[in-house]
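Worksheet: one structure, shown below.
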Amino acid sequence: MRKPLTNSAFIDGNNLYKSGFDIGWKLDTRKFRIHLTETYQVRKAYYCIGYIPANTGLYARLQSEGYELIFKKVQYINGQPKGNIDAELVLKCMTQYRVYDKAVIVTSDGDFACLVKYLIQKKKLRGVIASKRMLCSDLLQEASGTYLSYLDDLRKKLEYISRRGTS
Numbered sequence: 288m289r290k291p292l293t294n295s296a297f298i299d300g301n302n303l304y305k306s307g308f309d310i311g312w313k314l315d316t317r318k319f320r321i322h323l324t325e326t327y328q329v330r331k332a333y334y335c336i337g338y339i340p341a342n343t344g345l346y347a348r349l350q351s352e353g354y355e356l357i358f359k360k361v362q363y364i365n366g367q368p369k370g371n372i373d374a375e376l377v378l379k380c381m382t383q384y385r386v387y388d389k390a391v392i393v394t395s396d397g398d399f400a401c402l403v404k405y406l407i408q409k410k411k412l413r414g415v416i417a418s419k420r421m422l423c424s425d426l427l428q429e430a431s432g433t434y435l436s437y438l439d440d441l442r443k444k445l446e447y448i449s450r451r452g453t454s
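Residue numbers (this note's numbering): 288 to 454.
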């Protein structure tokens, strides 16, 4: 019997995108969305990301895969896009607090340690998913404890494999 989908995921999309370069492989976001549903009983997956007009194709694909996108206007610093979505993620998590049973936080950023601690205290945390042990903030690791898992441990299941034979 399938478990009911009663949980929500709150994804630091900028951190997830950047971590793909750091861990050395590309995450298949479609497979990841399925993983969130099957492993964590996630009904809603909120994907917080900086908005860059040239990336409309990416945004359409993420939406078609079942993510609800939360955008923040990107600022450019030294020519590089910067879209810090921390406040948006925390705000969405807290405004949806009564809607979901438990939250899954997807980030490696220590700025979310206080949110994780609060959700644990309120018995509202289902899990924290970070990219890789070596890239995960010590603050987040300490706050998350046994709730923490790593994408790098799921590479075989979640890696994007191009249909053209390259990744």
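Note that beta-carbon positions come from the ideal geometry of N, C-alpha and C, so glycine has one too.
Simplified DSSP state of residue i, which is helix, strand or coil
{"i": "residue 454", "result": "With a pLDDT of only 49 at residue 454, under 50, the local geometry of the prediction cannot be trusted, and no value is derived from it."}
{"i": "residue 368", "result": "strand"}
{"i": "residue 317", "result": "helix"}
{"i": "residue 410", "result": "coil"}
{"i": "residue 352", "result": "coil"}
{"i": "residue 306", "result": "helix"}
{"i": "residue 311", "result": "coil"}
Supposed contact pair residue j and residue i - C-beta distance, whole angstroms, cut 8 Å
{"i": "residue 411", "j": "residue 390", "result": "6 Å"}
{"i": "residue 313", "j": "residue 446", "result": "7 Å"}
Nearest candidate by alpha-carbon position, reference residue i, set the options
{"i": "residue 308", "options": "450, 451, 444, 439", "result": "439"}
{"i": "residue 374", "options": "290, 292, 299, 364", "result": "299"}
Close Cβ partners of residue i (< 7 Å) along its chain, the five nearest in sequence each way excluded
{"i": "residue 416", "result": "391, 393, 436, 438"}
{"i": "residue 360", "result": "338"}
Beta-carbon contacts of residue i that lie in its chain and below 6 Å, excluding the five residues immediately before and after
{"i": "residue 377", "result": "402"}
{"i": "residue 407", "result": "none"}
The ligand GTP heavy atom lying under 8 Å from the CB of residue i
{"i": "residue 367", "result": "The ligand GTP is not part of this structure, which contains no ligands at all."}
Alpha-carbon to alpha-carbon, residue j and residue i
{"i": "residue 396", "j": "residue 423", "result": "7 Å"}
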